[in-house]
Amino acid sequence: MKTKTININEIIYTVVESTDFDLLKSPNHFGLISPKTLKLMLNDNMALQTKKETVIHEVIHAMLWNFDAELSDNENLVNQLAMQLYSFFIKNKELVKELSETEETKRNCRAEGTKGGQRQMANHNL
Ligand SMILES: [Zn+2]
492 MKTKTININE
502 IIYTVVESTD
512 FDLLKSPNHF
522 GLISPKTLKL
532 MLNDNMALQT
542 KKETVIHEVI
552 HAMLWNFDAE
562 LSDNENLVNQ
572 LAMQLYSFFI
582 KNKELVKELS
592 ETEETKRNCR
602 AEGTKGGQRQ
612 MANHNL
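In the working numbering, the protein residues as written are 492 to 617.
This is the structure in C-alpha cells:
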C-alpha cells in the first residue's frame with residue numbers, strides 16, 4: 492500500500508505490511524488493527540486488491556470499536572459492511588472523489604491543473 496497512515500475519527504493508525512504471522516495471529520489472517528498499538532497490520536503475502544479489501548475491513552473494526560466493542564467483534568457484520576463498502580468505492584468513483592473533496596483540495600487541484608497546462612504548452616514548443 493502506498494498510504495502509510497490512516498486517520499480514523501482523528502486517531503492516526505500506521506499501516507504495517509508484514510509476513511510476521513505471530514503478529515497477524517495466523518497465516519490465514521489477512522490483517523489486524525489494534526487500538527492499543529495504533530497499527531493496522533496487513534499480511535504482505537496478498538494481492539494488492541486483497542490488501543485494499545482488508546484495509547476497509549480493519550477500518551470498519553476500528554470504527555465500530557469507537558462506539559460499541561461488541562459490534563466490532565461481529566466478524567459477519569464487519570465482512571458484510573467491508574464487502575459492500577469496497578464495491579461502493581469501486582462502482583462510485585466519481586461520487587467518492589466528490590465526497591472527499593474539500594475547499595482546500597479544490598484549490599490545490601486548480602493549481603495543479605494550471606501547472607499541467609503550462610507543462611503541456613512547454614511540450615508543444617519542443
Ligand atoms: Zn475481522
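Beta carbons are placed, not taken as given, at the ideal position from N, Cα and C, and that holds for glycine.
Item                                                                                                    : Value
Pair within 8 Å by beta-carbon distance, D535 and E561                                                  : no
Given N500 as reference, the closest of V587, F580, A553 and N570 once Cα atoms are compared            : A553
Cβ pair count under 8 Å reaching 3, the region 542-552 against the region 569-583                       : yes
Span of the alpha helix (DSSP H) around M554                                                            : L539 to W556
E549 vs L568 beta-carbon contact at 8 Å                                                                 : no
Range of the contiguous alpha helix (DSSP H) that encloses N567                                         : E566 to K582
Reference D513; option with closest CA among E589, Y504 and L533                                        : L533
C-beta contact flag for L529 and I547 at 8 Å                                                            : no
Buried/exposed call for I581, threshold 16 Cβ in 10 Å                                                   : exposed
Classification of L523 by the beta-carbon crowding that lies within 10 angstroms, buried from 16 upward : buried
C-alpha gap between I497 and T505, whole angstroms                                                      : 6 Å
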